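Numbering (this note's numbering), first residue to last: 43 to 213. Everything on this sheet refers to the single structure shown next.
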Amino acid sequence: MQTENAVMDLTVACVTSVKNATGLELDLTQDTLPVLDHYAKLADSPRDEVASLLAPMCGAYFGELVRRELGDGAWEVDPDDYARWRLTFERCSLAFNPLGVALEVLLGQETQDWGAHLQTARADAVRAKASLEVFGDVRDTDFYSFSVRYEAIEQAYRALLNDPGGMNPKG
């Protein structure tokens with residue numbers, strides 16, 4: 043219950059903050075990701091203090107949206123360390139830190155030790171990577187957006203579900 047509360051509190055804070063800043067309401071659907079991207083751009087190279095406030099709420103919103111849209115997933119929450127949060131999936135070996143994704147989107151660059159990139163079982167890594175190569179090269183300005191990250195996560199997730207041997211064990 044504590045996990046759900048932490049995620050939902052941050053998600054509600056994101057919805058409220060975005061509405062106050064843009065007048066638009068997020069509804070936890072993929073259609074609202076461009077609005078979240080716009081909100082993140084309003085921060086315009088935020089200082090560490092600002093990013094440390096925005097990343098948890100934007101990341102919780104993004105992760106909860108992914109979890110609901112894919113109809114799978116469970117949060118792993120460390121109340122003392124946002125860098126250790128993960129969204130893991132029950133039906134395949136995929137995992138990532140949505141708060142790390144948010145931090146990268148806000149800063150427009152890769153961050154170390156936040157788990158923002160997709161993690162899979164070793165046996166699934168080649169298939170996940172191949173599924174993402176269909177996108178080709180992606181400009182940094184596009185990669186550091188919630189919309190493109192969602193598409194990549196969804197693509198990898200669906201590729202891993204199409205495992206010819208059945209469901210993948212978590213790795």
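Built from N, CA and C at the ideal position, the CB exists for glycine as well. As the structure is a prediction and not an experimental result, all values here were calculated from the model.
Alpha-carbon spacing of residue 146 relative to residue 165, whole angstroms: 27 Å
Burial state of residue 183, where buried means 16 or more other Cβ atoms lie within 10 Å: Classification of residue 183: exposed, given that the 10 Å Cβ count is below 16.
Uninterrupted beta strand (DSSP E) stretches inside the region 100 to 125 (no shorter than 3 residues): Those beta strand (DSSP E) runs which fall completely within the region 100 to 125 and span 3+ residues are 116 to 118.
Assumed close pair residue 158, residue 138 - CB separation to whole angstroms, cut-off 8 Å: 7 Å
Enclosing beta strand (DSSP E) for residue 129 [first to last residue]: 128 to 130
Assigned exposure category for residue 113 - 16 Cβ within 10 Å defines buried: exposed
Residue 76 beta carbon less than 8 Å from that of residue 101: No Cβ-Cβ contact shorter than 8 Å links residue 101 with residue 76.
Residue 191 versus residue 169 - alpha carbon distance: 18 Å
Residue 148 and residue 88 closer than 8 Å at C-beta: yes
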